[in-house]
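Asker: Per the working numbering: the sequence shown ends with 149, consecutive numbering throughout.
We put the CB at the ideal spot given by N, CA and C, even for glycine.
Following this message is one structure expressed as structure tokens.
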Amino acid sequence: MMYPIQIGMRTQVEINGKKFTMHILEGNKFDLNQPGYICQCNSDSSKIEDNPTNAITSLYRQIFKTQTKILGSMVMSFDKDSIFTKILQDIEFYSYSIKSWLGAGEGYMASFIHIFRKERCIFVQKFIKNKSIVEVWNNSTKISHYENSSPVEVWQKIGILRKF
């Protein structure tokens, strides 16, 4: 699932009588260009992590001396529709599907984060010399490369995100 986030964003949730605050920062231990997450509860805080689940879980375990795993999406309050409404209030967003080049050409490039082979990866899609190319990156290492003459054929090869 993809969630709308912004550097500097903070959310708070109460778990077992303690208030946990999640902060989104620029950079994490794996990639300085991706968001970092740090969770705080009173004077305790997690290390900067690459996802909210690791940040809250490590702090929760430290405080309560348990092996419980806490979902980061819950701490970010993404389980509440009212949070989505507020975050997206002044943002125009349109879901789109690239069926052909649709006017895009040489130099077009877009990226997003999604799960690939059970890991959070960066997908980079670009058009170079009449080819549609998608690269999949994990921790600054290119792990897959797909290319074809059309974006549809490339995404069919990848085999994920079929409903888009």
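1. Tell me the DSSP bridge mates of T126?
2. Could you tell me which residues DSSP pairs with L10 in its beta bridges?
3. When you compare each of E(-1), S134, Q25 to H8 by their alpha carbons, which one comes out closest?
4. K50 lies in the beta strand (DSSP E); which residues open and close that run?
5. If you drop the 5 nearest sequence neighbours on each side, which residues of the same chain put their C-beta closer than 6 Å to that of S43?
6. Go to M59, then tell me how far its alpha helix (DSSP H) extends in each direction, as first and last residue.
7. Check the C-beta distance from N36 over to Y45 and give it rounded, since I have them as a contact under 8 Å.
8. Between which residues of its own chain and I83 is the CB-CB distance below 6 Å, once the five residues before and five after are set aside?
9. Give the DSSP bridge partners of A40, in chain order.
10. What are the boundary residues of the beta strand (DSSP E) that includes K111?
11. When the Cα atoms are used, what is the spatial distance from G152 to S117?
12. At the level of alpha carbons, what is the spacing between N18 and G(-7)?
13. Out of curiosity, what's the CA-to-CA distance linking A95 and N1?
14. I need the DSSP call for Q141, collapsed to helix, strand or coil.
15. Could you give the distance in angstroms between the alpha-carbon of K127 and the alpha-carbon of F15?
16. Do you know offhand how far P20's Cα is from E120's?
Answerer: Walking through what the data contain:
1. Note: T126 sits in a beta bridge opposite N123.
2. Paired residue(s): G21.
3. When only C-alpha atoms are compared, the closest one is Q25.
4. Where K50 is concerned, there is no enclosing beta strand (DSSP E), given that its DSSP letter is neither H nor E.
5. Here S43 has S31 as same chain residues with Cβ atoms under 6 Å from its own Cβ, once five neighbours each way along the sequence are excluded.
6. Per DSSP, M59 belongs to the alpha helix (DSSP H) from 57 to 60.
7. Separation of the CB atoms of N36 and Y45 is rounded to 14 Å, and the pair is thereby denied contact status at 8 Å.
8. Here I83 scores only 49 on pLDDT, less than 50, and its place in the model is too uncertain to base an answer on.
9. The partner list for A40 (beta bridge, DSSP) is empty, contrary to what the question assumes.
10. Unbroken beta strand (DSSP E) run through K111: 104 to 113.
11. Summary: the structure shown does not reach residue 152, with the chain confined to residues -14 through 149, and so no result is reported for it.
12. If I take the Cα positions, the gap works out to 14 Å.
13. When rounded, the distance between both Cα atoms is 41 Å.
14. Three-state DSSP puts Q141 in a helix.
15. About 14 Å.
16. Each residue's alpha carbon lies about 20 Å from the other.
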